[in-house]
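Okay, so here's the structure we're looking at.
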Ligand code: AP5
Ligand code: MG
Ligand code: ZN
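Written as C-alpha cells, this is what we have:
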C-alpha cells in the first residue's frame, strides 16, 4: 500500500500517520520529521533547511525531492509507505510520479484532512512535540500524563520553532498558494479522498480506516 497524507499545517497528518503506519505496517516518511532530525544532528542539510522552516517557508524542491528519493528508492525500494508532508508542490508531485513510474508502481490513495484556519491556529499554539521520538501532544486536547514529559519515551517536550503565530500564518498562506493545487492534481487521477479533520482523534481515524477498507 502506498499512501499520501495531505492537509494544511496542523490538520493532524502526523497524529493520524503514526497510527496508520502501525496498523497497516507501512514505512512512515515525513519530510518535516526528516528535516528536524537532521537539524538535531547538526547536519548541514538540517541546518540549511531550518533557515526556511523557522519562518514557515518551504525548503527548495531540489533538496526535498532528493531526500525523498534516497529514503524511498536508494539501498532498497520501499514497497509499503505513507508519505506525510510530501509532495507539497506540483514539481514535487511530478517528481514523485516519475520515481514511482520507474519502479512500475503508483500511489493507491491520497487522504486529504480538511480543517478550517481557526481550528488550525488553536492546534498549533497548543502543540508540544517530543525531542526524542517525535510524538505529538496538545496542552488541551492530548496532554501528556506528566507535564513536559513524553508518555512514550520519557523525552522532554518542546514547542516547534515554526509554531509561533507569524510563522503559522506564513505556512497557511504558502499551503494555499503552493500545496492546495495538488488537490486537483490527485483528484484528476481519481485517488483523492477527503476526511473531516475537525472531529475527535478517534473519529478521524475511524473515517480513514473506513475509506481505506472501502476503496483499497
Ligand atoms: P511539517 O512537519 O510537515 O509541518 P506541517 O505540514 O506544517 O504540518 P504539521 O506537522 O505542523 O501538522 P500535522 O498536520 O502533522 O498536525 P499534528 O498531527 O502535529 O513541515 C514543517 C516544515 O518543513 C514546512 O513548513 C517546510 O518548511 C518544511 N517541509 C516539510 N516538507 C516539505 C516539502 N515537501 N517541501 C518543502 N518544504 C517542506 O497535529 C497538530 C496539533 O493538533 C497537535 O498538537 C495534535 O495533538 C492536535 N490534534 C491533531 N488532531 C486533533 C484532533 N482530531 N482533535 C484535537 N486536536 C488534534
Ligand atoms: Mg506533522
Ligand atoms: Zn517521546
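Numbering (the numbering used here), first residue to last: 817 to 1032. We put the CB at the ideal spot given by N, CA and C, even for glycine. None of the values given here were measured: they were computed from a predicted structure.
Looking at residue j and residue i, is the spacing between their C-beta atoms short of 8 Å?
i	j	result
residue 1013	residue 929	yes
residue 924	residue 819	yes
residue 979	residue 941	yes
residue 826	residue 986	no
residue 874	residue 1024	no
residue 952	residue 830	yes
residue 1030	residue 904	no
residue 821	residue 900	yes
Give me the residue from the options with the minimum Cα distance to residue i.
i	options	result
residue 838	872, 874, 1021, 856	1021
residue 878	870, 856, 906, 859	906
residue 1015	939, 840, 865	939
residue 896	960, 919, 908	919
residue 889	995, 834, 916, 972	916
residue 947	846, 880, 955, 969	969
residue 945	841, 993, 1027, 976	976
For a cutoff of 8 Å on Cβ pairs, would you count residue i as touching chain D?
i	result
residue 982	Protein chains in the displayed structure number just one, and chain D is not present.
With DSSP as the reference, label residue i as helix, strand or coil.
i	result
residue 852	helix
residue 846	strand
residue 957	coil
residue 829	helix
residue 921	coil
residue 821	strand
State the CB to CB distance for the pair residue i and residue j, rounded to an integer number of angstroms; the pair is presumed to be in contact (CB under 8 Å).
i	j	result
residue 988	residue 936	7 Å
residue 912	residue 844	Not confirmed; about 16 Å, so no contact.
Q) On the three-pair Cβ rule with 8 Å, is the stretch 871-885 touching the stretch 845-854? A) In the pairwise beta carbon analysis, the stretch 871-885 is classified as touching the stretch 845-854: at least three pairs are separated by under 8 Å.
Q | Validate contact between the stretch 851-868 and the stretch 959-973 using beta carbons, cut 8 Å, 3 pairs | A | Contact between the stretch 851-868 and the stretch 959-973 is absent: fewer than 3 CB-CB pairs across the two stretches fall below 8 Å.
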